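To start, the structure itself, in structure tokens.
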Amino acid sequence: ESNKRELKELNPRVIRKTARLVVRNLPFNCNEEDVRKYFSTFGQVVEVKLLRKNDGRLVGCGFVQYEDKFSAANALQHTSGELFKGRPIIVDWAVPKHKYHILKCVDSDVVESKELDVRNKSDKCIVKEEIKEENIPADSKSNRKRKPSENKKTNNLRSHADDDRTVFFKNVPFIVDNEQLKECAEKYAGAVEYAVICMDPLTEHSKGTAFVRFIKKEVAEKVLNNELKLVLHGKELYPHELLKKEELLDRNSKGKISKDKRNLYLFKEGLILAGTAAARSVSQGDMNKRLILERQRSRSLRNLHKFLSTNRLVIYNLPFYNFDNKKLLLLFKKYCSKKAVISEARVMRNLKDLDDNGLPRSKGYGFVSFKRHEDALSALRALNNNPDVFSDKKRPIVLFSIEDKAALLLKEKRQMKVIKDKSTISKKLQK
1 ESNKRELKEL NPRVIRKTAR LVVRNLPFNC NEEDVRKYFS TFGQVVEVKL LRKNDGRLVG
61 CGFVQYEDKF SAANALQHTS GELFKGRPII VDWAVPKHKY HILKCVDSDV VESKELDVRN
121 KSDKCIVKEE IKEENIPADS KSNRKRKPSE NKKTNNLRSH ADDDRTVFFK NVPFIVDNEQ
181 LKECAEKYAG AVEYAVICMD PLTEHSKGTA FVRFIKKEVA EKVLNNELKL VLHGKELYPH
241 ELLKKEELLD RNSKGKISKD KRNLYLFKEG LILAGTAAAR SVSQGDMNKR LILERQRSRS
301 LRNLHKFLST NRLVIYNLPF YNFDNKKLLL LFKKYCSKKA VISEARVMRN LKDLDDNGLP
361 RSKGYGFVSF KRHEDALSAL RALNNNPDVF SDKKRPIVLF SIEDKAALLL KEKRQMKVIK
421 DKSTISKKLQ K
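Residue numbers (full-length UniProt numbering): 1 to 431.
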């Protein structure tokens, strides 16, 4: 409550900047009062603004202004991806228009409105999991003038960033401030010199990560070894050892020339975002499915053992009846180069659900593998969202398949074992 009082004492513009959410994929049959009622569950809503076209029709996007950032963070955590009037909504922090030129460097997507949203960090953190040096002095990037004591703390943080008493934490709740984090660390571990939340310089909100410097080295070691666990607002904080400055510089320099081993650049291939020109003629059912798939894939790729295949595609919205592997193969051959070689075309089926003929029913999606990446990419772009393939209301959703490194290694071992067993049997027969 003390933090809320401090926020109220600040300039209203600061409150406005830190407690505003952008809501996308809103149903077209809602109004300001519906949105206000839904979001008021999480705190006092000061303003609701729905964006409209020149003719007054809704565009499916709007802004919700809370009285304080704690309510906004709570709403963000509990509403994004949830159904509102039968439609999944996407909720993010809003960014003032004057920061558009900065945002443009991060993401090339342009949103023409008075305020721009920053996509949830989870989508971007897929690509960058490393601890970066700029996270350390993030608090110093605030536009507010700092007190001398705050500057001193920042300088200490810089100098202590690579010692044995500082621990880097992930999974920190977004609504937590420095003081709450420090109290948590002292409650579960021991005396703390300082605790600093890493702030995003664009949104000026927590990144969900933080640094804590303990008084005793032994306490930091116990935290890193999971002998002491920190829990805040029901979430366990994940400790990580800091990289030395030399290691960090070396990793960053390698990162500039190293290849994206998980092929995450392919994540956006096939995506159609609500509000864009490509989404205008797409049915509501397809848009809902696309949004759900995007969130599922984003969560899946947080697992560092998973990656995007360059040659294997997954296709959704396949007909449930009278559509087998052969028809899937013929479909892709029709929309790809004549020289393209397809090594796999498989419709996924539910072995526990049989039709009248005793055959497993289709799950409505399948996989197609190509020998070359160029052919896979060409087929994706030709088939994805094509209204002439199945029907205008149910179009193919084609994306690059997410693969599990561990599962592939296990598959390779099994194949090698089969080859070895065949070779052994063949030798015995020859004898």
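Note that the Cβ used here is the ideal one computed from N, Cα and C, for glycine as well. Keep in mind the model is a prediction, meaning the values are calculated, not measured.
What is the DSSP secondary structure of residue i, reduced to helix, strand or coil?
i, result
"I425", "helix"
"G285", "helix"
"H101", "Low per-residue confidence applies at H101: pLDDT is 41, beneath 50, and the placement is therefore not dependable enough to give any value."
"C30", "coil"
"A345", "strand"
"I257", "Confidence in I257 is poor, its pLDDT being 48 and thus under 50, which makes the residue's placement unreliable; the coordinate value appears in the next sentence. Of the three classes helix, strand and coil, the one that applies to I257 here is helix, per DSSP."
"C336", "coil"
"R295", "helix"
"R262", "coil"
"L328", "helix"
"I419", "helix"
"Y321", "coil"
"R290", "helix"
"L51", "strand"
"F39", "helix"
"L76", "helix"
"L410", "helix"
Quick check on the burial criterion: 16 or more other C-beta atoms within 10 angstroms. Buried or exposed for residue i?
i, result
"T154", "With a pLDDT of only 49 at T154, under the threshold of 50, the placement of this residue in the model should not be trusted; the figure read from the coordinates follows. T154 comes out buried."
"A274", "buried"
"G358", "exposed"
"F28", "exposed"
"N31", "exposed"
"H101", "Confidence in H101 is poor, its pLDDT being 41 and thus under 50, which makes the residue's placement unreliable; the coordinate value appears in the next sentence. The residue in question, H101, is exposed, as its Cβ has fewer than 16 Cβ neighbours within 10 Å."
"H205", "buried"
"N386", "exposed"
"D260", "exposed"
"T166", "buried"
"N226", "exposed"
"Y265", "exposed"
"L383", "buried"
"M199", "buried"
"N280", "It is Arg, not Asn, that sits at residue 280 in the sequence shown. Classification for R280: exposed."
"D392", "exposed"
"T18", "buried"
"A406", "exposed"
Opposite residue i in the DSSP bridges: which residues?
i, result
"Y238", "K170"
"I197", "A210"
"P360", "L354"
"D404", "K306"
"Y66", "V45"
"P88", "L83"
"V231", "E236"
"L399", "V314"
Quick one: give me the first and last residue of the alpha helix (DSSP H) that residue i is part of.
i, result
"V223", "K217 to L224"
"L181", "N178 to Y188"
How would you write the range of the beta strand (DSSP E) that residue i sits in, first residue to last?
i, result
"L313", "K306 to Y316"
"A382", "Note, A382: premise wrong, no beta strand (DSSP E); alpha helix (DSSP H) at H373 to L383."
"D392", "Unbroken run through D392: none, as it is neither H nor E."
"L21", "R20 to R24"
Of all Cβ atoms in chain C, is any one closer than 7 Å to the Cβ of residue i?
i, result
"L410", "In the structure shown, chain C cannot be found, because there is only a single protein chain."
query = Do the region 312-324 and the region 412-431 make contact, defined as three or more Cβ pairs closer than 8 Å?
reply = Counting Cβ pairs under 8 Å, fewer than three are found: no touch.
query = Would the region 73-86 and the region 216-236 be scored as touching if the rule is three or more Cβ pairs under 8 Å?
reply = Flag = no, the region 73-86 and the region 216-236 do not touch.
inquiry  = When you compare the region 36-51 with the region 64-71, are there three or more beta-carbon pairs, one atom per stretch, that lie closer than 8 Å?
reply    = Short answer: they touch.
ask   = Does the pairing of the region 375-383 with the region 324-342 give three or more beta-carbon distances under 8 Å?
value = Three or more beta-carbon pairs separated by less than 8 Å link the region 375-383 to the region 324-342, which places the two stretches in contact.
task = Please confirm if the region 387-406 is in contact with the region 264-278, defined as three or more CB-CB distances below 8 Å between the two stretches.
result = With the cut-off at 8 Å, the region 387-406 and the region 264-278 touch.
message = Between the region 74-81 and the region 49-61, can you find at least three pairs of beta-carbon atoms closer than 8 Å?
response = Remark: fewer than three beta-carbon pairs, one from each stretch, lie closer than 8 Å, so the region 49-61 and the region 74-81 are not flagged as touching.
ask   = Do three or more CB pairs link the region 229-241 to the region 361-371 at distances below 8 Å?
value = Contact between the region 229-241 and the region 361-371 is absent: fewer than three C-beta pairs spanning the two stretches fall below 8 Å.
task = Flag this pair as touching only if the region 338-355 and the region 285-295 have three or more C-beta atom pairs under 8 Å; answer yes or no.
result = Output reads no: the region 285-295 does not touch the region 338-355.
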